[in-house]
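Report on the following structure.
Numbering (our numbering), first residue to last: 1 to 593.
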């Protein structure tokens, strides 16, 4: 005999519990009795969520009151038997439901077949989603670890990495190395290339930087980078080409490679200059392309300082041998650290130089001076078989490290400037000249330092002085709101202002020539009136007024971004802004040295 469903108990929770002893309810799955005092069912809900998380509390109802099948036959013929592994957590019942038997919910659950009464496992209820389709989004972020972090493609075959991803998302299928190299990377490259091309198409000027080098595996490469401003005057820099360069590094071959790159990116008419090192073959190549060359300022400084360091090379070789001794001997290095502790000195490591990078020599000398007392004490105790520096040689090392610091700071500044750098060249050149003049007048310096200063002065005058006559450099400095006239001597400042005005005139003449057409009889009278009206408004005079107004603006703080300043005033200085886009984009270095 069937008993009616519990009237007044409308909560879905009563589909899983049997009321017993007045204010208690017994779980139909584990028979635990829970309190329902005060009519609250929170205990029942918490129990289901904690002990039976796979049970669906709210079930679909086919009529007003929830009813369950009571016979094994009804269960087997119900839709439960059709539940697939793809959706095990979705409970489905037959369309014909009967009331709970009079024996109660516990007896009803005992009537269920073993496969339904058995304790279910979590894995039985984890939805086995179909693998994500091979879409662009699927591999978007896995690609980023290769593009931004340079991880090897083999990481997708690493067992521990696979376990980690499977823990995060069991349905995610890693791409194979072949898929990454042959499919994902080429597709993403094409997408990124199209984005860069759109940015380049929107700009009016591009500055290229190029360099050639040989890897540790003796493979030659050549790279070309484009620098330009976007429509918001934000500086953009993208590597357009970086490929193996197996041909001889002649001027003809390098120029052909540059021209091909410019043609592929459709920028031949936008290139204003090419920045490179001072190698003769590269300079010849740029000359053959017909574009202007800007020498890497950091590389130029490196060549000048390397020549100056030759005067103290015997002493620097001694320093290098002592550094190598401590690098080779673990016992000596440990003794050096112990000596620093005993002398209450900071624990500093010695720095070894690299032959091709003068600033590494500066780092070595500067660190050597800081650890002077500890080095002398340690070598004396160990009685090491290395040649120690004499007091006079120590003075040379100390003075050289102080003198070279200005070159080091300039190199660091020029390679780390996050804004524009070509406009700063004249400022840095002037500081270098002033520093050498001061040391040149100091008669107390050792002879080696005087010789080094003299050589550096001659080298910098030869290599850096011509920059004052380079209109790309001077106009960039004048158009930088951080410098303006401060970058020049008063004698040559007016000359550079005239150069900016002349650049305006060239742009105006080109505009007039492009707009001039032969007047027909229909427009002849109108064109005559237009020309008279135009003559009364002199555009050249307007450009001069614009330059004067700009120069009278307050100087921008040197720590602020000049590009932000120009972007906010491009409507105020439209003529100057077009020139800014062609001058402030030039980098004066190709890499850190």
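Note that the Cβ used here is the ideal one computed from N, Cα and C, for glycine as well. Just so it is clear, the structure is predicted and the values come from calculations on it, not from any experiment.
From the options, residue whose alpha carbon lies closest to that of residue i
{"i": "residue 288", "options": "275, 164 and 259", "result": "259"}
{"i": "residue 427", "options": "558, 327, 335 and 527", "result": "558"}
{"i": "residue 271", "options": "421, 277 and 261", "result": "261"}
{"i": "residue 189", "options": "201, 146, 166 and 213", "result": "146"}
{"i": "residue 363", "options": "332, 253, 400 and 563", "result": "400"}
{"i": "residue 423", "options": "588, 256 and 464", "result": "588"}
{"i": "residue 375", "options": "407, 286, 323 and 329", "result": "323"}
{"i": "residue 281", "options": "302, 461 and 255", "result": "255"}
{"i": "residue 20", "options": "241, 31 and 48", "result": "31"}
{"i": "residue 175", "options": "183, 169 and 168", "result": "183"}
{"i": "residue 209", "options": "192, 275 and 148", "result": "275"}
{"i": "residue 38", "options": "25, 527, 302 and 453", "result": "25"}
{"i": "residue 10", "options": "35, 40 and 50", "result": "40"}
{"i": "residue 409", "options": "320, 298 and 217", "result": "298"}
{"i": "residue 245", "options": "266, 231 and 212", "result": "212"}
{"i": "residue 307", "options": "454, 470 and 22", "result": "454"}
{"i": "residue 560", "options": "482, 524, 523 and 541", "result": "482"}
{"i": "residue 243", "options": "219, 321, 237 and 53", "result": "219"}
{"i": "residue 467", "options": "214, 296 and 403", "result": "296"}
Same chain, Cβ closer than 8 Å to residue i, neighbours up to 5 away in sequence not counted
{"i": "residue 181", "result": "153"}
{"i": "residue 373", "result": "343 and 345"}
{"i": "residue 327", "result": "333, 350 and 352"}
{"i": "residue 585", "result": "205, 206, 207, 227, 228, 229, 235, 272 and 420"}
{"i": "residue 396", "result": "312, 315, 446, 448 and 449"}
{"i": "residue 335", "result": "378, 381 and 382"}
{"i": "residue 491", "result": "Note that residue 491 has pLDDT 45, beneath the 50 cutoff, so the model's placement of it is unreliable and the number below is only indicative. Correct list: empty, nothing qualifies."}
Beta strand (DSSP E) segment containing residue i, residue limits
{"i": "residue 316", "result": "Where residue 316 is concerned, there is no enclosing beta strand (DSSP E), although the alpha helix (DSSP H) it sits in stretches over 313-328."}
{"i": "residue 26", "result": "24-27"}
Per-residue DSSP class, three states only, for residue i
{"i": "residue 555", "result": "coil"}
{"i": "residue 546", "result": "helix"}
{"i": "residue 586", "result": "coil"}
{"i": "residue 18", "result": "strand"}
{"i": "residue 272", "result": "strand"}
{"i": "residue 303", "result": "helix"}
{"i": "residue 592", "result": "In this prediction, residue 592 scores a pLDDT of 42, lower than 50, which makes its location untrustworthy; the coordinate-derived value is nonetheless stated afterwards. Here residue 592 sits in coil by DSSP."}
{"i": "residue 347", "result": "coil"}
{"i": "residue 293", "result": "strand"}
{"i": "residue 596", "result": "No answer is possible for residue 596: the residues shown for the chain start at 1 and end at 593."}
{"i": "residue 72", "result": "Here the model assigns residue 72 a pLDDT of 38, short of 50, so the residue's position is not dependable and the matter cannot be decided."}
{"i": "residue 156", "result": "helix"}
{"i": "residue 369", "result": "helix"}
{"i": "residue 580", "result": "helix"}
{"i": "residue 574", "result": "helix"}
Neighbourhood of residue i by C-beta, 7 Å cutoff - its chain only, sequence neighbours within 5 removed
{"i": "residue 484", "result": "478, 551 and 555"}
{"i": "residue 573", "result": "546 and 550"}
{"i": "residue 161", "result": "155"}
{"i": "residue 304", "result": "456, 459, 460 and 463"}
{"i": "residue 239", "result": "223 and 225"}
{"i": "residue 577", "result": "566 and 570"}
Enclosing alpha helix (DSSP H) for residue i [first to last residue]
{"i": "residue 159", "result": "159-168"}
{"i": "residue 375", "result": "372-382"}
{"i": "residue 601", "result": "Any property of residue 601 remains undetermined from this structure, which presents the chain solely from 1 to 593."}
{"i": "residue 245", "result": "Taken as a continuous stretch (DSSP letters only), residue 245 belongs to no alpha helix (DSSP H), as it is neither H nor E."}
{"i": "residue 33", "result": "No alpha helix (DSSP H) holds residue 33; the beta strand (DSSP E) holding it covers 33-35."}
{"i": "residue 475", "result": "471-478"}
{"i": "residue 283", "result": "280-289"}
{"i": "residue 252", "result": "251-264"}
{"i": "residue 398", "result": "391-403"}
{"i": "residue 50", "result": "42-51"}
{"i": "residue 563", "result": "562-567"}
{"i": "residue 388", "result": "Element bounds for residue 388: n/a, residue is neither H nor E."}
{"i": "residue 433", "result": "425-440"}
{"i": "residue 614", "result": "Shown here, the chain extends from 1 to 593; a query on residue 614 therefore has no answer."}
Short CB-CB distance (under 8 Å) between residue i and chain C
{"i": "residue 179", "result": "Here there is only one protein chain, and chain C is not present."}
Close-in-space but distant-in-sequence residues of the same chain around residue i (CB under 6 Å, 5 per side omitted)
{"i": "residue 583", "result": "475, 476 and 479"}
{"i": "residue 393", "result": "315"}
{"i": "residue 464", "result": "429"}
{"i": "residue 233", "result": "563, 566 and 567"}
{"i": "residue 66", "result": "Per-residue confidence for residue 66 stands at a pLDDT of 39, beneath the threshold of 50, marking its modelled position as unreliable; the derived number appears in the next sentence. Excluding sequence neighbours, residue 66 sits near 15."}
{"i": "residue 81", "result": "With a pLDDT of only 35 at residue 81, under 50, the local geometry of the prediction cannot be trusted, and no value is derived from it."}
For this session: Counting only runs of 3+ residues fully inside the region 184-242, write out the beta strand (DSSP E) ranges in chain order.
Result: 206-214 and 220-229
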